[in-house]
Amino acid sequence: MRFLAPARLTNNKGFSLIELLLVILAVGFLVALLDNVPRSVGLITKSKHQSLAREIILKQIEDKRATTYANLTDTSSSGDPFSDSRLNLLPSGAGKITIKDCDPALCSSSEEVKEILVEVTWTERGKNPQTVRLKSLIAKGGLNQ
0 MRFLAPARLT NNKGFSLIEL LLVILAVGFL VALLDNVPRS VGLITKSKHQ
50 SLAREIILKQ IEDKRATTYA NLTDTSSSGD PFSDSRLNLL PSGAGKITIK
100 DCDPALCSSS EEVKEILVEV TWTERGKNPQ TVRLKSLIAK GGLNQ
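Read in numbering that gives the first Met the number 0, the sequence shown has 54 at position 55, and its numbers run on one by one without any break.
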């Protein structure tokens with residue numbers, strides 16, 4: 000009985016079934032990877048914008064805390080727009096701040112407290128507007144007063 004000669008095995012042309020399976024797996028992996036890239040870029044951009052909005056809001060609250068209590072005047076109920084150069088880094092970025100007396104349900108002992116609401120809004124490309132809000136309380140005789 001004669002077995003296949005080594006010369007005959009090395010002269011075969013074409014691809015083996017194992018090689019084809021490996022190529023199909025590699026192509027499938029690349030397709031799955033490339034499918035997630037746009038979604039990942041979108042999430043990174045959204046996270047970057049949210050972080051920037053939080054930084055802007057915190058700066059506004061710090062500025063209001065540095066203001067004396069007597070100079071914290073109430074704003075309109077819809078809020079007053081504020082400017083910050085970093086708002087230009089957000090697509091269609093805008094900010095507003097609302098200052099009002101503390102809700103009597105929260106400040107029941109007639110403390111002199113102002114409630115501050117700072118909002119930053121922007122619109123991602125082709126998406127609904129995004130908003131980050133932060134409320135804070137500033138009391139007469141409190142921090143920085």
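For every residue, glycine included, the Cβ atom is placed at its ideal position computed from N, Cα and C. What you are looking at is a predicted structure, and each value in this text was computed from that prediction instead of being measured.
In terms of DSSP beta bridges, what is R132 paired with? What you label residue 132 is simply residue 133 of the sequence shown in a count that begins at 1. Answer is E118.
Using the Cα positions of L51 and R85, report the straight-line distance between them to the nearest angstrom. Working through the sequence shown from its first residue, we reach residue 51 at position 52. Working through the sequence shown from its first residue, we reach residue 85 at position 86. Each residue's Cα considered, the two are about 8 Å apart.
At what residues does the beta strand (DSSP E) containing T97 begin and finish? Counting from one through the sequence shown, the residue named residue 97 turns up at place 98. Its beta strand (DSSP E) spans residues A93 to D100.
With DSSP collapsed to three states, give me the class of F81. Locating residue 81 in the sequence shown gives position 82, counting from the first residue. Three-state DSSP puts F81 in a strand.
Contact check, E123 vs K45 under 8 Å by CB: the rounded distance? To locate residue 123, count along the sequence shown from 1; it is residue 124. To locate residue 45, count along the sequence shown from 1; it is residue 46. For E123 against K45, the beta-carbon gap comes to about 6 Å, under 8 Å, which counts as contact.
Within the same chain, show all residues whose beta-carbon is closer than 6 Å to that of G92, passing over the 5 residues directly before and after it, in chain order. Numbered from 1 along the sequence shown, position 93 holds the residue referred to as residue 92. By the criterion of a C-beta distance shorter than 6 Å, G92 is surrounded in its chain by L86 and W121, once the five residues flanking it on both sides are discounted.
Compare the C-alpha of D79 against each of R64, K95 and G125 and name the closest. On the sequence shown, residue 79 is found 80 positions in, with the first residue counted as 1. Of the candidates R64, K95 and G125, the one whose C-alpha sits nearest the C-alpha of D79 is K95.
What are the boundary residues of the alpha helix (DSSP H) that includes K58? Here residue 58 is taken as the residue at index 59 of the sequence shown, counted from 1. Taken as a continuous stretch (DSSP letters only), the alpha helix (DSSP H) holding K58 covers L16 to A65.
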